[in-house]
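**Student:** Residue numbers (our numbering): 527 to 576. For each residue, glycine too, the CB sits at the ideal point set by N, CA and C. Small disclaimer: the values here were computed from a predicted structure and weren't measured.
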Amino acid sequence: MMSTLGIITLAKYKGLIPKAKQVIDQLIESGFWIISKEVLEEFLREIGEL
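1) Rounded to whole angstroms, what's the CA-CA distance from V537 to I543? Just pull it up for me.
2) Helix, strand or coil: how does DSSP classify E555 here?
3) When the Cα atoms are used, what is the spatial distance from I561 to K547?
4) Under a three-way DSSP split, which group does L536 fall into?
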């Protein structure tokens, strides 16, 4: 089992998506997904997008 962030990270590193933040923003805007600002910032730092 893999988390949503894990799947997004894997897709980024495999070159399937250019930026994880774009996908996350789409999920948040659609109302499908909720994530705290702190968790999102830490995640983006860890994958080099912040």
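**Tutor:** With the structure as the only source:
1) First, the amino acid is wrong: residue 537 is Ala here, not Val. Spanning the two alpha carbons is a distance of roughly 6 angstroms.
2) The DSSP-derived three-state label of E555 is helix.
3) Cα to Cα, I561 sits roughly 12 angstroms from K547.
4) Correct three-state label for L536: helix.
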